Amino acid sequence: MRIGIGNDHAAVEMKCAIRSFLEELGHEVVDYGVGEGEKCDYPVMGERVGQAVADGEVESAVLICGTGVGISIAANKVNGVRAAVCSDVTTAHLVKEHNNANILAFGARIVGTEKAKDMVWAYLEAEFMGGRHAGRVAMLSEIEQRQRKA
Ligand code: RB5
225 MRIGIGNDHA AVEMKCAIRS FLEELGHEVV DYGVGEGEKC DYPVMGERVG
275 QAVADGEVES AVLICGTGVG ISIAANKVNG VRAAVCSDVT TAHLVKEHNN
325 ANILAFGARI VGTEKAKDMV WAYLEAEFMG GRHAGRVAML SEIEQRQRKA
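In our numbering, the protein residues as written are 225 to 374.
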């Protein structure tokens, strides 16, 4: 899978660990994030990676900042993005099964590297269940449509 990854300055080390992990799993990784010594405001990174997902440049993405919150809020401003902040493996699995989340976000200051890898694995292994969940995900798109008109 072609997966995007993005981070701000609070998550450089974690980004590198997760990028290597994704590559070890055989994924093609597009790194939109910043490196050591670079600063980046999380809204900029969230929008950049969110847009890449919405445009189909990458199939899905992982976003990491200090808490995972700011960067996911920014990504969720992009139409078509469903970014989910997670701090446990079960949630990381369920956000794909139920919400069809197209971005997994987490905080480098909140979870350790091993848990982050487990969450990424759980998220990527899970499949959207469709069925009753598809209607609810469609309702999320309807909110976007209404907000665009407002
Ligand atoms: C940056 O210091 C920090 O505010 C950011 O990484 C993130 O935690 C915001 O939600």
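For glycine and all other residues, C-beta sits at the position ideal for the given N, C-alpha and C. Nothing here was measured: the structure is a model prediction, and the numbers come from that model.
Could you check whether residue j and residue i sit closer than 8 angstroms to each other, using their CB atoms as the reference points?
{"i": "residue 288", "j": "residue 327", "result": "no"}
{"i": "residue 319", "j": "residue 347", "result": "yes"}
{"i": "residue 329", "j": "residue 295", "result": "yes"}
{"i": "residue 331", "j": "residue 291", "result": "yes"}
{"i": "residue 285", "j": "residue 321", "result": "no"}
{"i": "residue 283", "j": "residue 225", "result": "yes"}
{"i": "residue 305", "j": "residue 299", "result": "yes"}
{"i": "residue 236", "j": "residue 271", "result": "no"}
Going by Cα to Cα distance, which pick from the options is closest to residue i?
{"i": "residue 356", "options": "272, 324, 307, 236", "result": "324"}
{"i": "residue 333", "options": "352, 353, 309, 354", "result": "309"}
{"i": "residue 267", "options": "362, 307, 297", "result": "297"}
{"i": "residue 234", "options": "228, 262, 245", "result": "262"}
{"i": "residue 281", "options": "372, 236, 363, 256", "result": "256"}
{"i": "residue 361", "options": "307, 264, 265", "result": "307"}
I think residue i touches residue j, with their Cβ atoms under 8 angstroms apart; what is that distance to the nearest whole Å?
{"i": "residue 269", "j": "residue 337", "result": "Incorrect: roughly 20 angstroms between the Cβ atoms, too far for contact."}
{"i": "residue 254", "j": "residue 232", "result": "Incorrect: roughly 17 angstroms between the Cβ atoms, too far for contact."}
Quiz item: Are at least three pairs of beta-carbons, each pair with one atom in the stretch 297 to 317 and one in the stretch 336 to 346, less than 8 angstroms apart?
Solution: yes
Quiz item: Just checking, does the stretch 273 to 280 make contact with the stretch 235 to 250 on the three C-beta pairs under 8 angstroms criterion?
Solution: no
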